[in-house]
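Numbering (the numbering used here), first residue to last: 931 to 1411.
All residues carry an ideal CB built from backbone N, CA and C; glycine is no exception.
Beneath this line is the structure, given in structure tokens, with notes to follow.
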Ligand code: UDX
Ligand code: UDX
Ligand code: ADP
């Protein structure tokens, strides 16, 4: 029986191993983590991450051929194939701070693997890491190997949160990169055999190590670039009276371009896009490719511009001041169907509004108050070292943001609503009821283009929807930089 161990029971490791266990009954899969609390949660009825369909798969396999454990060393030493899926945040200090990936967790995992291994291992890089990380890891492993052979593979993950199970069950492709040596080919085949249990052969691509690593960064950079492109268009649409949805539709019909990832929004978020582009930029700069680095940097600049443009629009529309005004924030997660808030545009938008002294009432169906508190109290790259900022208004000590139980409570007595996540339930709200309980004029700022603008205007809302022709009211307000 092949034994697989995955180090890191997070958003990537958890769902990926659950599907391998589901599809390969003859493989024993152990998912290990240094966080006892995370492992306990995986073994409970309340999984640590929200992902549609995941619970059913875990329940079916847990205890059969899927195990969650904090006995990291034991499972690593027993495994034939070790996936490493630990977090690789952007460095917060030192060389490359704000750009380069922090490989501390990765390096410590690699040293531990070298320490405890007593038989040959295939080590699979699953977290997104900078190109040539595999080479560095290979060095750590071989220099500490005590005569054991390690083969390192890069097998980047392409699942998107919210659709992880579907993405894993029928992936567009599985990518496996390895050394072009007999040992490397043998390792590639061993991993390919695992995926071949459910993925058609023509969708399993094999490449050299660096192509696999770079393809992951490139794919995320291309996706993010499409969003920044359409978001840049949204600003122009607002200025000219074009409708960004109509433009996206027309552009996406060109089969050379395609319709996906062309939804204009308040900005992209998530743990990957920004981090991977920053990584790409850093690698380009390290190789002296300044023009290439600047090209990709612009994707992040436009994303930041889109978030601040949204905040400016809110403030400008409401007579240039939101001081003391209640604003309802609908949605805090970086996209629907996840409770993940990493790099969510909601953080920057909320901080922007709080900076203008607004009072926020935040509602998200999956994000806890504790999480929001952590996010709003951290500096931009501060998730490893939280710095507590002032969360209460200095003059009155009154709390300036709170969490509501639903959208109706958040909107009660509010001057404006901001939709920041495209949760399906926000499409179905009783907006007449919401309007009746709001201060007038009542503003709607739709950062995801999910409401029916005409209907809301009929009710009486002043509506701003990204990239749509502006309400006459908004046209009269000062221009947004
Ligand atoms: C992404 C990649 O899609 C996935 O392949 C990779 O493995 C990890 O990174 P994820 O970040 O989970 O996945 O979600 P994704 O669906 O890509 O959305 C990222 C962000 O872009 C979200 O904030 C989303 O709201 C935003 N987005 C997406 C848009 O603003 N417009 C779009 O058209 C699509
Ligand atoms: C383009 C648009 O494709 C067409 O829809 C529009 O109506 C007019 O402009 P055209 O300029 O005739 O058409 O040719 P196109 O095939 O788009 O190629 C433009 C340039 O891009 C060429 O120099 C081509 O060699 C280059 N190209 C194209 C690449 O370098 N790489 C590619 O993958 C595709
Ligand atoms: P991702 O989105 O890449 O899956 P997460 O942050 O959700 O990232 O998950 C990474 C997990 O890896 C965390 O649960 C963390 O505790 C775990 N981890 C980090 N370093 C180690 C290590 N050396 N050994 C075991 N687990 C680790």
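Contact between residue 1259 and residue 1307 does not hold, since the beta-carbon distance rounds to 16 Å and is not under 8 Å. Here residue 1331 carries a strand assignment [DSSP, helix/strand/coil].
According to the DSSP assignment, residue 1132 belongs to no alpha helix (DSSP H), since it is labelled neither H nor E. In this structure, residue 1095 lies near residue 945, with their beta-carbon atoms less than 8 Å apart. Between the segment 1000-1008 and the segment 959-967, the count of Cβ pairs shorter than 8 Å is three or higher; the stretches touch. Within the segment 1187-1273, the complete alpha helix (DSSP H) segments at least 4 residues long are 1203-1216 and 1220-1247, listed from N- to C-terminus. Around the beta-carbon of residue 1127, fewer than 16 other beta-carbon atoms lie within 10 Å, marking it exposed. The Cβ atoms of residue 1056 and residue 1085 lie closer than 8 Å to each other. Bounds of the beta strand (DSSP E) holding residue 1082 are 1080-1084. The chain-ordered list of residues whose CB is nearer than 5 Å to some heavy atom of ligand 1 reads 1088, 1090, 1091, 1157, 1191, 1193, 1195, 1198, 1199, 1200, 1202, 1264 and 1265. For the pair of segments examined, the segment 1026-1046 was found not to touch the segment 1094-1114: the number of CB pairs separated by less than 8 Å stays below three. For residue 1380, there is no enclosing beta strand (DSSP E), since its DSSP letter is neither H nor E. In this structure, the alpha-carbon of residue 1383 lies about 18 Å from that of residue 1179. Looking from the CA of residue 1296, the closest CA among 997, 1267 and 1281 belongs to 1267. Taking a cut-off of 8 Å for Cβ pairs, the segment 1130-1148 and the segment 1168-1175 do not touch, as fewer than three such pairs fall below it. The C-alpha of residue 1252 lies about 30 Å from the C-alpha of residue 1159. A residue is called buried once 16 or more other Cβ atoms fall within 10 Å of its Cβ, and residue 1245 is buried on that count. In its chain, beyond the 5 residues on either side, 1372, 1389, 1390 and 1391 have a beta carbon closer than 7 Å to the beta carbon of residue 1365.
Residue 1337 and residue 1062 have their C-alpha atoms roughly 47 Å apart. For residue 960, the enclosing beta strand (DSSP E) stretches over residues 957-962.
Under the DSSP assignment, residue 1108 falls in the beta strand (DSSP E) whose first and last residues are 1104-1108.
C-alpha of residue 1300 to C-alpha of residue 986: approximately 27 Å in a straight line. A straight line joining the alpha-carbon of residue 1006 with that of residue 1012 spans about 7 Å. Following the DSSP letters along the chain, one finds residue 996 inside the beta strand (DSSP E) bounded by residues 996-999.
For residue 1358, there is no enclosing alpha helix (DSSP H), as DSSP marks it with neither H nor E. DSSP, read as helix, strand or coil, puts residue 1136 in strand. DSSP places residue 1365 within a helical segment (H, G or I) once states are collapsed to three.
Excluding five sequence positions before and after residue 1042, none of the CB atoms of its chain fall closer than 6 Å to its own CB. A straight-line Cα-Cα distance of about 31 Å links residue 1202 and residue 1346.
Contact between residue 1059 and residue 1031 holds: CB atoms are separated by about 6 Å, below the 8 Å threshold.
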